[in-house]
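Participant:
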Ligand SMILES: NC(=O)c1ccc[n+]([C@@H]2O[C@H](COP(=O)([O-])OP(=O)(O)OC[C@H]3O[C@@H](n4cnc5c(N)ncnc54)[C@H](OP(=O)(O)O)[C@@H]3O)[C@@H](O)[C@H]2O)c1
């Protein structure tokens, strides 16, 4: 099989690239990279393999220069005759920012960029599968505290917490406009955080959220809300196995499901066992986030409930000194708290049955392997672009 992969320098795409490269039934992997030169692209690809000392075979991994924002992306892919041999496309590139300031970029990359790839893909002579890496969170915020099934989305009536999930939903609809249904495969991962192996995680994204929650200790979120989190190595193994499996469906959750889900409280217990010098975790009502924000602006009314957590306010003052830093952290973590509060668990029966893969290890257990890295995360740096 010859595969065209986008997003190979990212958290998921990097792990997909390494996983695919280990298969003897994969011939060439063409990787779309937004690099200035072929030399730079090769260095970036090599870096993906070097991170965990995986074997890199340059004869099988072929860089293709291109940016989802390029107006001529479709044409440059069409004129690259090497790509006529592609029989599967894995589209993992996306702008995954939750921040409103990036809404325009998110839309241009996730809808405009996807459209350019599809305009090329639809005329490929041998294309069997277009594997779109979507996201399970396209179900939106109207769904709360229950198991979510694949067939519930895409739903145009869903209300989205962030532009990112909206664009990922639109992406699924866009694919249907361009490709035959037998060519379409959608893998919808839940929340991907860290790696379950005792190695440096490929990216600190999402781990940043956990590191930040660890620093804050007083958390305005429902401690018991179910959390569907999987490690990136599980996500990549499941997605690649799905590509080669005998499938009964076109859409699959790549998720922890009921058996592998965790809660904020369970994660907190794991964190407490490592970082015991900080105050114990305390979870307060999500609505109190506003009081926290007022406190960081010295505008909190004296009778406010937040003052009953004086121990934590003193800890914050001592730890962060400048209240604007705390404001930055809470602004960055806010969308993550919103997602936690939803209590989504994404049914993974289809994946387990069709791929024959086991359930993922719950995040509160596998994350023990990443504690050294959690400790090193610069939470303020991460808060600038959450
Ligand atoms: N991480 C999660 O928790 C999660 C959960 C569910 C679904 N997903 C989905 O998984 C996929 C991969 O996410 P990720 O976490 O791996 O994201 P990521 O680490 O941010 O990686 C994004 C990748 O997309 C590439 N990219 C972004 N903009 C581009 C552009 N304009 N042109 C070309 N390439 C571009 C990036 O290239 P550069 O290196 O050049 O920036 C990078 O390789 C996405 O489709 C996302 O929606 C992720």
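In our numbering, the protein residues as written are 209 to 594. Every residue, glycine too, gets a C-beta built ideally from N, C-alpha and C. For clarity, every value in this text was computed on a predicted model and none was experimentally measured.
Taking Cβ positions, are residue 394 and residue 442 nearer each other than 8 Å?
Facilitator: Result no, Cβ atoms of residue 394 and residue 442 do not sit closer than 8 Å.
Participant: Give, in chain order, every unbroken run of the alpha helix (DSSP H) that is at least 4 residues long and sits entirely within the stretch 315 to 379.
Facilitator: Entirely contained in the stretch 315 to 379, the alpha helix (DSSP H) runs reaching 4 residues are, in chain order, 322 to 329.
Participant: Do residue 425 and residue 219 have their beta-carbon atoms positioned less than 8 Å apart in this structure?
Facilitator: Cβ distance not < 8 Å, so residue 219 and residue 425 don't count as in contact.
Participant: Leaving out five residues on either side along the sequence, give the residues of the same chain with a beta carbon under 8 Å from the beta carbon of residue 504.
Facilitator: So the list reads 531, 532, 534, 535, 538, once near-sequence residues are dropped.
Participant: Is residue 397 helix, strand or coil when you go by DSSP?
Facilitator: The answer is strand: DSSP assigns residue 397 an E or B state.
Participant: According to DSSP, simplified to helix, strand and coil, what is residue 596?
Facilitator: The chain is shown only over 209 to 594; residue 596 falls outside these bounds and no answer can be derived.
Participant: If you measure between the beta carbons of residue 454 and residue 562, is that distance less than 8 Å?
Facilitator: For residue 454 and residue 562, yes; Cβs fall inside 8 Å.
Participant: Taking the Cβ atom as the reference point for each residue, do residue 470 and residue 555 lie within a distance shorter than 8 Å?
Facilitator: No. Outside cutoff.
Participant: In three-state DSSP terms, what is residue 508?
Facilitator: Looking at residue 508 - three-state DSSP - the assignment turns out to be coil, as it is neither helix nor strand.
Participant: What did DSSP end up calling residue 575 once you bin it into helix, strand or coil?
Facilitator: The answer is helix: DSSP assigns residue 575 an H, G or I state.
Participant: Jot down the residue ranges of each uninterrupted beta strand (DSSP E) in the stretch 236 to 264, minimum 3 residues, whole runs only, in chain order.
Facilitator: List check, beta strand (DSSP E) in window: 237 to 241.
Participant: Nearest-angstrom Cα distance between residue 458 and residue 529?
Facilitator: Residue 458 and residue 529: Cα-Cα distance of roughly 52 Å.
Participant: In whole angstroms, give me the CA-to-CA distance for residue 524 and residue 480.
Facilitator: Going from the Cα of residue 524 to the Cα of residue 480 covers about 17 Å.
Participant: Are the beta-carbon atoms belonging to residue 213 and residue 298 less than 8 Å from one another?
Facilitator: Cβ distance < 8 Å, so residue 213 and residue 298 count as in contact.
Participant: So residue 371 and residue 343 are in contact, right, with Cβ under 8 Å, and what is the actual spacing, rounded?
Facilitator: That pair is no contact at about 13 Å.
Participant: How do the stretch 257 to 266 and the stretch 398 to 410 stand: do at least 3 beta-carbon pairs fall below 8 Å, yes or no?
Facilitator: Verdict: yes, contact present.
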